[in-house]
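As structure tokens, the structure follows; a few thoughts come after it.
Protein chains in written order, with this note's numbering: chain F, -15 to 272; chain U, -15 to 272; chain D, -15 to 272; chain X, -15 to 272; chain C, -15 to 272; chain H, -15 to 272.
So this is what it looks like as structure tokens:
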């Protein structure tokens, strides 16, 4: 039996969707921190992303999903199994940036000597300044809404994906102090237990397959036999396509798995190249 | 033209999804009890699950979706077409249980002689005690939130799927008085009308196909020809897989429909057995 | 770089879904009018459907999605690229109708001479009466909730899809003054710019493919070889099916793309004709 | 210690407000059925209005607030302490009416012989027809949204305050079968217990005082001594006004408690009669 | 019978509160545009603030509450009865300002020659530029969210109370083109009807009294007789206080109506001057 | 100009109400952390209660409202101006308790030697165990929902007002480690600035007056002159009542300020003692 820690909050819906694609049905009731799952070997528990690595390290849970940022901030001694790239709208990792009001006179980290910096990531921020040899007055812990405090203190360190919240608050980025992606992590002792490790490796395989499938589609098309080579050359080389005969022997059916961002450019080109009957269909999992 | 009764409330979203997979587009506006549907032969009406069997029996509607529990509680004389196993997170049927506070001295139904029992299922509960030859003081009707009344009366009879609400209220189960699953039911007269029956049988076929598909996925993979027999032996025997040639004659493409709960265990094993290019894709319907 | 105008409001969720199927990931935050998209060549901006054609005409945006009704009402000089039939529950276009209270003595447009008519579509309504040679007192602009004003003035001109809002307000339709469907429109200058036009045509192709896929499914089945011709004759002629051999040479695998509304009737017939192993699966795009 | 049953649902907010004016602070958390109260002698429990009289009769609670309609429907043997007229926007009692679709041919109760009537108030409705000597086919229980069923059966019996829901559904009233107001009721045994009765009488006094205050205001004004008699004659005779001297001996201060609906007409008249410095202030309680 | 038009939307809650203080009970259901009121002489109808003056002018309603801005924008010929200063947090009127992005090169209205300006207030904005003799390219109608369009066109004209939305969007104010307050307006014909006018004047009196009371409180205190003159001198001269004897003849009771913003400064001063037993109480109406 | 820190979250509505009674109008928009206020000398900023004392100590804000618990947890060196007893339903302070699952074998703090304790109040909890000379393994920080972690670790320290959340989670209290009430605190330097201190003292006076008024009402009544002494003896001695003559010299008017919890018992007794015309009215402020 594995205890699995899932992050509560904005990633929650994505997590249910991810496990769904991976083949597990989750039932999250709003009141409960213990979602149901249709696998008797797994027990799910929801935590704030910020604390998951602590509970994994303590052995309170065997495995958890959290960010690289909080693993480091908590100095948690855990085994990192793999990345799980959640974010859909952008493939870039989240960045923790040092920012000041647009109108501030501060231009570089050194200008913050003796200043107050406000952040959710106190330890990481303190180390950043130590490493630069800059002595600040205080790195003050902020319970969320850090960006609104930028004009109350000297600078903030806040997370940003697209920079839109910074822009909305009229802040200027001075430096990036850390980048972070989502990780699947395990308690060290659990990872050394062969039965638990086997289960965790399978789970990682399924979740990664589910993750990969989110960006991909299956593409089927009818290709004139005479232009087959030309068409195959247009397809991404990554995975070899399946070519099947059709009733009309002048045509063959071609099927391939492609990235959605590739498909967008590929489909109009295929049409122009004489391909017909193009359909694309969604995938749950893409492995190996 | 068929009048179809659908259950309002927690199953509503699942119902839209189910009809969607079955091939019908529903449009439910929050204010209306008459959802739209893109089939001119069907007219949809929403009811509380508790009353649907009554209106089916009366002929107010031809066909409806409701629970076995309320068919029995209402003593409704209707034709049961088939089961429709809605619940996703668990395959177990719902149970109506006799429960008391954890700290109560009541240990068995007999201890409730002369007691007050509170329930939404008055008739079924009364019969249960009659059958056991136990004379209770009163079976009092409860308009929902029955579990909070357990400490006000002597016992309650309430529905439970996972037992979590009972645990949250610190209740102890004494006995199960009924198990229940979702049913598609028809008015007897409508069922005997050949045209209506034909339409209802088709609808049942499509809904059951949609239901079955929710637990299943399509699985495609590339298998080394030399290990084909070994791999086929690993696949569930239930439905025969499709084997197709590939361009590279050392490999064949295999496609099969499997339960998601099987797929979770199967995929890692297939990988270890040398299978490559595994993808799984979602299904709308699986019939026959 | 293309500036794309999307309609805010009730179509918003459909738009995200449509772009998703077309292969683009949108991220709409509730506060922002600038949704993110994973294509650096596109910049999205949300407007009210009523104003999109104005901003396309002005060149503020290059391309937009809006209704034919508002293109006409605004007298916007724009290039109409194609239709995008959003509505899922009904395939009929939206209608702008002239309506009066059920109990009104008004029976035909001519009875409205010297009357006050209330509508969101002032210009179109005025033209309608001019064309009929009817002189009304005033066509008054209504900021939404037009149907509740029907009993305050003499008549209203309001949009209706299913007529349910009119029925709920007890209104009677006198005439239809315009029908409207959703359009993809381009700024004339942008359309004449080859690079922009290429990008817009590709986008139109992908959106139309995504739109078409919403009403269709992929259908796979196992057919006894001896009845293959009979079965093929039952399938819609529109797109030719793929027929593949199966391990058991008495059977063949048939795959075809069909409308969901066709599938509903087809599947029970196929079952009765001896077809087995029917599955249907969802599609993202169907092109050509 | 008294157990007090309060109605859950639409009256909930009014109940908190009423107890607040009466001098008790309630804290209702959304999840809990046991609101807190700052009086250690009272324990509050929330029920549906429909079931309160049953639990009062059973002695599960000592006292409760519910409607006359449900006391009668449940045939509950309870002591009615007093009325508590909740409704703010109208002083008329709620009516349970027999209604049919506007277009129905049914004109009078007798036309419903052999018909199906749908209602939440099955027993009361059945008695109504029995008393009239009319034999209906069935009085079917409706779990809410009764008005939408009017076109599925022959008639409904539903509650109405202003008639707006009936109008929105295009229904026509045939007859009123019961009028109902809110009541404070006690368990008979509790009522005969002197200590409990004393507490219940005090509670009734405070709640009635709070209720009375909702419709009234305190009115203060400066009156020219010479027109004092004329002004006093304009004030409602119900409660005698307080007349106090002012520094300027030509004027007196007059204070009186009046109904808000009286105040609306009174204030402009007082102004015209030369009164100055009118203020009105809200009241918590008006007793005796 | 008067037809009264109330503004739908953000002022709605304030309107209910205002009528409540004025002595009328409103019941607004979310679905209905016809709020109930406990005065049979009034019929309420909700409109968007933008259209109310049109319907008052047309005589569709007799009286309405709307802004000066929309009366002017609509060029409505109506009788303005009085101001009704709704806004609680600030006493300043709303301003319609011409604004550009912070980074824009536009500094004065003249820089907008040949520009596109986006606004809800098309006519007023056009007149503003005409009066200045500036010829713009287009004043384009904006359906809300005007501030987000500032970077798409050359400038916007938008409403602002505190300027916070402009700041959040990084906009710079170039000029104020109109200030506006809330008005009670009447149809000219209704105003000339003596019975209707009488009712409208009374209503205006009550609403203004209610409005005035929102900013004021009643203040009572015990004052040493010897320092009475000194204390009276500290009180605002606007309304004369009531002075009453107390049992202890060394003290007198003083009561006065003051602005809340005055009370805040006054109370600490009174305490320092030896006043005791200060209480303040809320008011419903303050007239004359 | 004073910078005032207000607690975001569950106390927010109470804060607006408190400032309203104190005589200030706040406008809190959901998106903004900077509420508006109608006093140009105050600038409001919202923080989480947990961080306010840090920002007061740093001088980022001059004055703030927070709990004693977080002042201590943060070891903040600030000036405590006064208590502000927010809680309405109970007058007891909040308690931070050490709790374990009902079924745990842990009976006393000493049983937690070498255990893991989970809490939001890490420093305070660590000190508690140090003071007892108990060496625990770890005091782990919990980001909310601490009660659900009780079964994952050995014990928790969580806040409780009524104990209901603990009961709902089936937890048993071992010890109380801290009690806490709400405090108004000032930055030390600001407190030593005469102008700021004057403003803060006035603010404290008004807020305390507003707080006091929440539990009190004004009570007016008509008393037979002959029983005046008897009635006065029944009134609480705390504040002396005002006695005024009435027109009918056999009666006098008595007015007094009483606690609501006293009024509840007092009013029925007064009625029995022959007092008539009792009204009670709400208060905004009660000072001195």
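C-beta: ideal position from N, C-alpha, C; glycine also.
Nothing here was measured: the structure is a model prediction, and the numbers come from that model.
In the assembly as shown, residue 218(F) is an exposed residue. Its beta-carbon has fewer than 16 other beta-carbons within 10 Å.
Interface criterion met: the Cβ of residue 154(C) is under 8 Å from a Cβ in chain F. Residue 30(D): member of the beta strand (DSSP E) spanning 26 to 31, first to last residue.
Proximity of chain D to residue 131(F) at the Cβ level (cut-off 8 Å) is not reached, the minimal Cβ distance being about 13 Å. In this structure, the straight-line span from the alpha carbon of residue 123(F) to that of residue 102(F) is close to 6 Å.
For residue 199(H), there is no enclosing alpha helix (DSSP H), as DSSP marks it with neither H nor E. Counted as a single uninterrupted DSSP element, the stretch harbouring residue 220(D) is not any alpha helix (DSSP H), since DSSP gives it neither H nor E.
Within 9 Å of the CB of residue 100(U), the CB atoms of chain X belong to 42 and 44, in sequence order along the chain. Contact between residue 78(X) and residue 169(X) is absent: CB atoms are separated by about 17 Å, not below the 8 Å threshold.
When the alpha-carbon of residue 87(U) is set against those of 105(U), 134(U) and 45(U), the nearest one is in 134(U). Annotated three-state conformation of residue 206(C) is strand, per DSSP. Beta bridge pairing from DSSP links residue 79(H) with 144(H) and 163(H). For the options 152(D), 206(D), 94(D) and 271(D), the alpha carbon positioned closest to that of residue 228(D) is the one of 206(D).
In summary, residue 139(X) is buried, with 16 or more beta-carbon neighbours lying within 10 Å of its beta-carbon over all protein chains present. By the Cβ-count criterion, residue 37(U) is buried, with 16 or more other Cβ atoms from all chains shown falling within 10 Å of its own Cβ. Counting C-beta pairs closer than 8 Å gives fewer than three between the region 103 to 114 of chain F and the region 179 to 192 of chain F, which falls short of the contact rule. In the DSSP assignment, residue 228(U) falls outside any alpha helix (DSSP H) and lies within the beta strand (DSSP E) extending over 226 to 229. DSSP lists 202(F) as the beta-bridge partner residues of residue 265(F). Between residue 66(D) and residue 194(D) a beta carbon distance of about 12 Å is seen, past the 8 Å cut, so the two are scored as non-contacting.
Residue 36(U) sits in a helix when the DSSP states are folded into three classes. Under the three-state reduction of DSSP, residue 241(D) is assigned to strand.
Its Cα nearest to that of residue 68(X), the residue 197(X) stands out among 234(X), 162(X) and 197(X). Of the other Cβ atoms in all chains shown, fewer than 16 fall within 10 Å of the Cβ of residue 211(F); this residue is therefore exposed. Nearest in C-alpha terms to residue 215(D), of all of 172(D), 262(D) and 243(D), is 262(D). The region 80 to 100 of chain D makes contact with the region 143 to 158 of chain D: 3 or more CB pairs, one atom from each, lie closer than 8 Å.
DSSP places residue 123(U) in the uninterrupted beta strand (DSSP E) bounded by 122 to 125.
The region 34 to 49 of chain U makes contact with the region -13 to -5 of chain U; the number of CB pairs closer than 8 Å reaches 3 or more. For residue 226(F), the residues of chain U that pass the 7 Å Cβ criterion are 230 and 237, in the order they occur in the chain.
Residue 256(X) and residue 164(C) have their C-alpha atoms roughly 31 Å apart. Cβ-Cβ distances below 6 Å link residue 61(F) to 41 in the same chain, with the five nearest sequence neighbours on each side left out; the list follows chain order. The Cβ of residue 17(F) sits closer than 8 Å to at least one Cβ of chain H. DSSP, read as helix, strand or coil, puts residue 60(U) in coil. Here residue 121(F) is near residue 100(F), since their CB atoms are less than 8 Å apart. Under a criterion of Cβ atoms nearer than 9 Å, no residue of chain C is adjacent to residue -2(X); the nearest Cβ is some 12 Å distant. Taking each of 132(F), 204(F) and 235(F) in turn and checking the Cα distance to residue 241(D), the smallest one comes out for 204(F). 109(U) is the residue among 209(U), 177(U), 109(U) and 190(U) whose C-alpha sits nearest the C-alpha of residue 57(U).
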